[in-house]
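Residue numbers (this note's numbering): 199 to 818. Every residue, glycine too, gets a C-beta built ideally from N, C-alpha and C. This one's a predicted model, so the numbers in the text were calculated from it and none came from an experiment. This report refers to the structure that appears directly beneath it.
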Ligand code: OXD
Ligand code: MN
């Protein structure tokens with residue numbers, strides 16, 4: 199405590215803020231451990247903000263920050279009759295997506311980050327970034343944002359504190375997490391992930407602030423798994439800046455899961471209810487911008503079948519204490535989804551009707567928003583995401599391909615009533631998917647848990663606009679976790695194998711591909727709401743009420759069980775959707791062999807065994 203009060207005094211000297219003592223005392227009152235308070239004070243000392251505010255998560259605080267951002271032109275109020283509580287933000291054109299090449303795992307040894315991560319020495323990284331953080335909040339407010347990941351009071355919940363100078367981040371954290379007082383009330387005695395974030399733009403007295411401050415030249419996002427810390431500098435966008443999400447709930451949480459025997463996954467969680475009223479829960483991993491949100495929010499055209507959403511991006515998976523069921527929680531409290539493609543065909547359109555912050559979509563003269571895919575005909579007189587009049591005849595999009603909505607989960611009309619269950623929901627099936635124009639069939643079921651892990655490890659997918667870089671390039675993305683695994687992916691594969699063996703009744707596992715094309719480049723499968731046919735088959739497999747057809751690459755549905763006749767807009771036949779073409783699989787297995795070999799001796803033998811059996815079964 200002595201050290202603690204010296205810090206308070208030194209802080210009062212550097213921070214011209216009358217209520218600093220109140221801030222600190224309220225942290226003490228909430229039982230926040232003194233080393234966490236020391237950390238906050240130390241940071242405040244080097245960041246040199248003009249003021250400090252501890253965020254309580256209240257509606258009043260939210261509205262005050264919104265008002266401030268409207269004045270600052272960070273937010274543009276939309277037509278409040280058409281879209282009550284909705285705003286538009288336009289980012290800096292260089293701050294539009296996750297930046298994987300500037301994202302680092304700073305484990306002590308390079309080997310612990312593995313071949314798929316950018317590694318940096320933790321001491322060197324702290325030195326380099328420490329210089330950038332020095333004085334970076336001058337002229338700004340330092341917001342202390344306490345938050346809880348997972349339902350409050352759940353034994354699976356985890357806590358974090360983000361220090362940030364971005365009001366846009368604060369309001370987004372209120373939507374995406376259980377933030378403020380309610381998190382603080384649960385934090386006593388808990389370990390806390392320390393998240394440090396700055397836009398990297400100190401403000402000189404009298405200087406005019408920009409609507410979207412950021413510092414792309416100095417951007418870096420560093421994870422320190424050993425000390426459970428994240429440092430992010432220079433970006434204000436999504437996964438770079440909302441440190442609760444990819445940084446904490448995936449990269450840091452995956453390392454917690456490795457140490458403690460659970461899994462943090464890039465997965466949606468949904469429920470399917472059959473006409474008899476029986477409900478089952480599935481998780482599904484797809485790379486970014488491959489339709490997780492649309493699948494989770496699917497509106498079923500099949501009479502009597504219903505889909506509801508528990509989460510659209512991240513799942514934490516634990517075995518129940520007696521090992522009898524696999525439980526999943528959604529650690530988030532909102533959706534930060536990709537906007538383009540959202541239309542009347544998807545339920546997300548109803549979720550984002552109110553109380554939503556849109557970033558980088560187009561603005562219409564009536565104060566509404568528009569994006570590619572919202573309507574078939576582009577509207578006249580749209581203003582594009584960069585605030586220029588948009589010309590539909592040109593190839594530049596009106597909305598950025600990675601434009602986003604940020605909305606609370608409770609705004610979703612088909613949120614599952616159990617979505618905040620402190621014990622999580624029981625998972626019957628795990629689905630893996632990627633965006634593949636050829637080779638991979640619509641759906642196959644794994645022969646065993648190990649085969650399922652092999653299917654997860656084998657995902658490759660065409661890259662999307664969710665990260666900076668080339669779009670449409672095929673890359674290996676095992677478990678859709680390539681950008682998000684906080685440790686050596688070879689150890690991650692082994693962890694998956696042993697994890698499955700810890701429970702009595704592991705879920706069935708599946709691989710799907712909605713994106714197979716014919717020789718004219720048309721999608722064979724209509725996707726979106728018609729994916730219910732695939733979910734129904736999985737449900738029936740879990741019930742044991744349908745038989746599957748064995749093939750060399752897994753178990754597939756029998757033709758009649760998918761009821762193709764009722765699927766409108768289907769371009770492909772059953773035969774095309776399930777074709778296993780020898781020359782394509784030769785290529786697939788050869789690419790996988792090279793990829794798996796890149797993990798060296800760490801790559802688990804069990805998966806090599808799976809590989810050999812499958813190659814043999816395929817007649818190669
Ligand atoms: C996301 C992503 O924002 O995966 O969810 O990029
Ligand atoms: Mn994601």
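Look at the Cβ atom of residue i, then the Cβ atom of residue j, and state whether they are nearer than 8 Å.
i           : j           : result
residue 343 : residue 382 : no
residue 244 : residue 331 : yes
residue 804 : residue 695 : yes
residue 247 : residue 363 : yes
residue 436 : residue 254 : no
residue 750 : residue 815 : yes
residue 601 : residue 537 : yes
residue 752 : residue 609 : no
residue 715 : residue 708 : no
residue 250 : residue 235 : no
residue 596 : residue 487 : no
residue 769 : residue 739 : no
residue 532 : residue 373 : yes
residue 466 : residue 490 : yes
residue 442 : residue 375 : yes
residue 736 : residue 627 : yes
residue 632 : residue 658 : yes
Please state the DSSP three-state secondary structure of residue i.
i           : result
residue 232 : helix
residue 509 : strand
residue 285 : strand
residue 494 : helix
residue 611 : coil
residue 665 : strand
residue 504 : strand
residue 598 : coil
residue 634 : coil
residue 365 : helix
residue 447 : helix
residue 465 : strand
Identify every residue that forms a DSSP beta bridge with residue i.
i           : result
residue 251 : 341
residue 325 : DSSP lists no partner for residue 325.
residue 604 : 534, 555
residue 316 : 302
residue 412 : Partner(s): none; residue 412 has no beta bridge.
residue 708 : 629, 643
residue 820 : A query on residue 820 cannot be resolved here, the shown segment of the chain reaching from 199 to 818 and no further.
residue 358 : 345, 391
residue 524 : 517
residue 477 : 471
residue 749 : 752
residue 587 : 581
residue 674 : 658
residue 296 : 665
residue 396 : 431
residue 623 : 526
residue 376 : 346
Please list, in chain order, all residues of the same chain as residue i whose beta carbon is under 8 Å from its beta carbon, the five residues on each side excluded.
i           : result
residue 756 : 744, 745, 746, 747
residue 456 : 685, 689, 690, 693
residue 280 : 564, 565, 566
residue 387 : 229, 231
residue 412 : 289, 290, 292, 293, 397, 398, 399, 432, 433, 434, 435
residue 263 : 365, 368, 369
residue 473 : 501, 502, 503
residue 698 : 647, 648, 650, 651, 704
Might you give, ordered along the chain, the residues of its own chain that have their beta carbon closer than 7 Å to the beta carbon of residue i, omitting 5 neighbours on each side?
i           : result
residue 692 : 802
residue 272 : 287, 366, 409, 410
residue 354 : 348, 514, 516, 527, 622
residue 825 : Residue 825 lies beyond the stretch modelled for the chain, which goes from 199 to 818, so this question has no answer here.
Excluding five sequence neighbours on each side, which residues of the same chain lie with their C-beta closer than 6 Å to the C-beta of residue i?
i           : result
residue 469 : 477, 479, 506, 614
residue 793 : 674
residue 678 : 464, 483, 484, 485
residue 451 : 462
residue 665 : 295, 296, 298
residue 529 : 347, 348, 447, 512, 514
residue 579 : 563
residue 683 : 452, 690
residue 681 : 298
Of all residues in the structure, which have a C-beta closer than 5 Å to any heavy atom of the ligand FAD, taken in chain order?
The model depicted lacks the ligand FAD and carries the ligand OXD and the ligand MN instead.
Would you say the region 512-523 touches the region 490-501, given that touching needs at least three Cβ pairs under 8 Å?
No: the two stretches stay apart, fewer than three of their Cβ pairs being nearer than 8 Å.
Between the region 414-430 and the region 292-309, do at least 3 Cβ pairs fall closer than 8 Å?
Inter-segment contact for the region 414-430 and the region 292-309 is present: three or more beta-carbon pairs are separated by less than 8 Å.
Given 8 Å, three or more beta-carbon pairs between the region 628-636 and the region 573-586:
The region 628-636 is not in contact with the region 573-586.
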